[in-house]
Each structure stands twice: as C-alpha cells, then as structure tokens.
Amino acid sequence: MISLTQRGHEQAIEAGKELSSMLHPDDNILFYTSPYKRARQTTEGIVSQIEGKHSYKVNEDARLREQDFGNFQGEAKEMSRIWTDRAHYGHFFYRIPHGESAADVYDRCSGFNETLFRQFSSDKFPSVLVLVAHGIWIRVFLMKWYRWTYEEFESLKNIPHCQFIIMEKREDQKFKLKTRLRKWDDEEEVLTEDDDLSDAVGNSNSLTNQQFEKMKQKERKIRASFARANSVNKGNRTTTSSSN
1 MISLTQRGHE QAIEAGKELS SMLHPDDNIL FYTSPYKRAR QTTEGIVSQI EGKHSYKVNE
61 DARLREQDFG NFQGEAKEMS RIWTDRAHYG HFFYRIPHGE SAADVYDRCS GFNETLFRQF
121 SSDKFPSVLV LVAHGIWIRV FLMKWYRWTY EEFESLKNIP HCQFIIMEKR EDQKFKLKTR
181 LRKWDDEEEV LTEDDDLSDA VGNSNSLTNQ QFEKMKQKER KIRASFARAN SVNKGNRTTT
241 SSSN
C-alpha cells in the first residue's frame, strides 16, 4: 500500500483548512473515501481540521478506488511503450495489461452514482458530501454525472493533488460544476507531479526518477498535440457546416 509523502500530508491538512473555511456552522458532512491507503490518509488529514466543529461520518467504498494499472512491474522500456500507446489510443478506452481502462472505471462510477441518487432522497442526508478519490476516477465520475462525451473526457488534464472540485446544488435540484477543469489545449503550464502517471508508476520499482520524468513529458506532448489537432478539426467542421 502506497502512503502519502510528507508533502501529501501537508496538502491534506491544507485541504481540510480550505474545507473548514467553506462550511456553514450548521453543516454536517458525509465523506466517501477510496480504500487506498493514501486516500484514507488524505481523508484523515482533512477531517483533522473539522474535528469538534462539525458532525461528520466517513464511509469507505471500494468503487472509489483508482483505475487498476495491473501489476505494472515491467521493465522501464515496456512501461514507456504502454504509456505511449495509451496516449495515442486515448485514456478512456485503452486497457492497461492486467488492469483496467477508464471505461471500466465508468462502470464502477455508474453503480456508485445510483447509490448516491438513492441516498439523496432521504431527508436525513447531510448538507455536504465530500468524495476523496483519485484523478482518473474523479474525471470519469464527472463525465458520468454530467453526461460528457468521450471527447470531452479526453480533453481534460488530471486533477491537481488535494484540489476540491465543487458541485453546488441549485434550486432546480441540479448540480452546477463551479470549478474550472484544466484542459490539454490550455496554454503551456509548468510541469507538475499531478499526473495520471504518478499514481501508476508510484507502484513500480523499475523506473528511475529521470525515466519517470521523461515518460511524463512525452505523454504530455502527445496529449497536447492531439488536443490541438482535435481543436483545429472541430473548427474546420464548424466552418464548413456554416458555409453550407
């Protein structure tokens, strides 16, 4: 089981402070957390900042676990090939050998969403729901919830570590996504560790830090170039359609 780094523990506590600042005095909170150790430790860090201030409950649900990357103990060259293929093929449909595709994660999210819908109908449901999960899972969850297309999913970058994605319930009972998500065709950003690859390669003993960084940069370049090409193609289709 992979534990949080010291920086991860610090980020979890900062996230807890941020959550505390957003809550109303009479709010009560329901947490759902992935069973992975780093997710449970993140939940503990967040909860430490609301302890004694609000009532809360923590549920662990295996359906919130990250995409299964398989044994992922191959040689660095083989892992690099897999990651390059995945970047070209697309994150949603590409299935990691002995693991899952994001489409498999989608099926898990579907079952979890049904659980939430049933709970929402209860008058006793808490005023705030917090899901502590992982990058790909969160994007797939949003894709399912808002009925996004495959292309919309593929356009999104990973979620930065310990960032809140806020969905606010409106008067019409629908949830508005208030957080802007990063996209591959955004302007060039400083490279960070907040990457799908971090979760996967963190379980492998076959990569050096230098090899890991090269793989991350290579995938980002492939994804960014695909996003730009897709954006140009969409523009061409729109122009052609309007001229007709």
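Position 119 of the sequence shown, counting from 1, maps to 119 under UniProt numbering, and the rest follow consecutively.
Ideal placement from N, C-alpha and C gives every residue a C-beta, glycine not left out.
Exercise. Considering only C-alpha positions, which residue in the set Ser127, Ser122, Leu19 is nearest to Leu30?
Worked result: Ser127
Exercise. When DSSP builds the beta bridges, which residues end up paired with Leu30?
Worked result: Lys57, Leu129
For this session: Could you say which of Lys174, Lys144, His91, Val58 lies nearest to Trp184 if we only look at CA atoms?
Result: His91
For this session: Alpha carbon to alpha carbon, how far is Phe175 from Ser114? Give it in angstroms, no decimals.
Result: Sequence inspection shows Glu at residue 114; the Ser mentioned does not correspond to that position. Taking the straight line joining both Cα atoms gives about 15 Å.
For this session: Report the partner residues of Met143 according to the DSSP bridge assignment.
Result: BP columns for Met143 are empty, so no partner.
Exercise. Are the stretch 21 to 35 and the stretch 129 to 146 in contact at 8 Å, needing three or more beta carbon pairs?
Worked result: yes
Exercise. Excluding five sequence neighbours on each side, which residues of the same chain lie with their C-beta closer than 8 Å to the C-beta of Ser110?
Worked result: Lys144
Exercise. Among residues of its own chain, excluding the 5 on either side of Gly18, which ones have a beta-carbon nearer than 8 Å to its beta-carbon?
Worked result: Reading off the sequence, residue 18 comes out as Glu, not Gly. Closer than 8 Å at Cβ, skipping near neighbours: Phe164.
Problem set entry | Best match in Arg147, Glu100, Asp172, Trp83 for proximity to Gln67 [C-alpha to C-alpha] | Glu100
Problem set entry | Euclidean distance between Cα positions of Asp61 and Ala39 | 11 Å
For this session: Report yes or no: do the stretch 41 to 59 and the stretch 6 to 16 share at least 3 C-beta pairs separated by less than 8 Å?
Result: yes
Exercise. To the nearest angstrom, how far is it from the Cα of Phe69 to the Cα of Pro97?
Worked result: 8 Å
Problem set entry | Leu177 (DSSP reduced to helix, strand or coil) | strand
For this session: Just mark Gln11 as buried or exposed, buried being the case when its beta carbon has 16 or more other beta carbons within 10 Å.
Result: buried
Exercise. How is Glu171 classed by DSSP in three states: helix, strand or coil?
Worked result: coil
For this session: Please name the residue in Ser80, Leu64, Asn28, Leu116 whose C-alpha comes closest to that of Ser55.
Result: Asn28
Exercise. Roughly how many angstroms separate the alpha carbons of Leu181 and Val140, rounded to a whole number?
Worked result: 13 Å
Exercise. Should Arg81 go down as buried or exposed, given a rule of 16 or more other Cβ atoms within 10 Å for buried?
Worked result: exposed
For this session: Enumerate in chain order the residues of its own chain whose CB-to-CB distance from Arg170 is below 8 Å, with the five nearest sequence positions on each side excluded.
Result: Lys176
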